[in-house]
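Residue numbers (the working numbering): 22 to 107.
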Amino acid sequence: GDIKFVTENRLDIENHIEFAKTFQVGSKKIKSIKEIYFILEKKFGDTDFVIRNVKINNGENNKNIKENFLVKNIHNLRSYIRDVVN
């Protein structure tokens with residue numbers, strides 16, 4: 022079978038404005054988000070990777086996204102982040 026690299030990650034958002042600029046998301050939408058948890062999975066030898074089990078903690082309520090996101094480039098990643106934040 023395939024050999025996969027799988028990690029559980031937590032992204033702490035300390036500077037909402039820079040995060041919004043980098044991922045081209047409205048700063049008002051991202052302002053309440055404190056942490057994003059996700060699993061990153063990549064097969065050795067592939068350039069693409071999958072992000073799955075995304076959980077957003079915005080202090081007031083949590084949002085769980087069960088969808089898998091196949092990321093091929095930074096444009097895909099930005100698009101997925103915009104979808105998740107909205």
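Each residue gets a CB set at the ideal place from its N, CA and C atoms; glycine is no exception. Owing to the predicted nature of the structure, the values given are computational and were not obtained by experimental measurement.
Identify which residue in Y58, D69 and K63 has its Cα closest to the Cα of V105.
By 1-based counting over the sequence shown, the position of residue 105 is 84. A check of alpha carbon separations from V105 across Y58, D69 and K63 identifies Y58 as the nearest.
Between the alpha carbons of R99 and F65, how many angstroms are there, rounded?
Start at 1 with the first residue of the sequence shown, and residue 99 comes out as number 78. Start at 1 with the first residue of the sequence shown, and residue 65 comes out as number 44. Distance between the alpha carbons of R99 and F65 is about 23 angstroms.
For I24, three-class secondary structure by DSSP
Position 3 of the sequence shown, counted from the first residue, corresponds to residue 24. I24: coil per DSSP, three-state reduction.
For E29 versus I54, is the C-beta distance shorter than 7 angstroms?
Position 8 of the sequence shown, counted from the start, is the residue given in the question as residue 29. Position 33 of the sequence shown, counted from the start, is the residue given in the question as residue 54. E29 places its beta carbon 7 angstroms or farther from that of I54.
Can you list, in chain order, the residues of its chain with a C-beta nearer than 8 angstroms to that of D69? Leave out the 5 residues immediately preceding and following it.
Within the sequence shown, numbered from 1, the residue matching residue 69 stands at position 48. Closer than 8 angstroms at Cβ, skipping near neighbours: K63, L91, V92 and K93.
Which class does D69 belong to by DSSP, given the choice of helix, strand or coil?
Numbered from 1 along the sequence shown, position 48 holds the residue referred to as residue 69. Coil.
Out of D67, K50 and K84, which has the shortest C-alpha to C-alpha gap to I24?
As a first step, residue 24 must be located in the sequence shown, where it is residue number 3. Comparing Cα-Cα distances from I24 to each of D67, K50 and K84, the minimum goes to D67.
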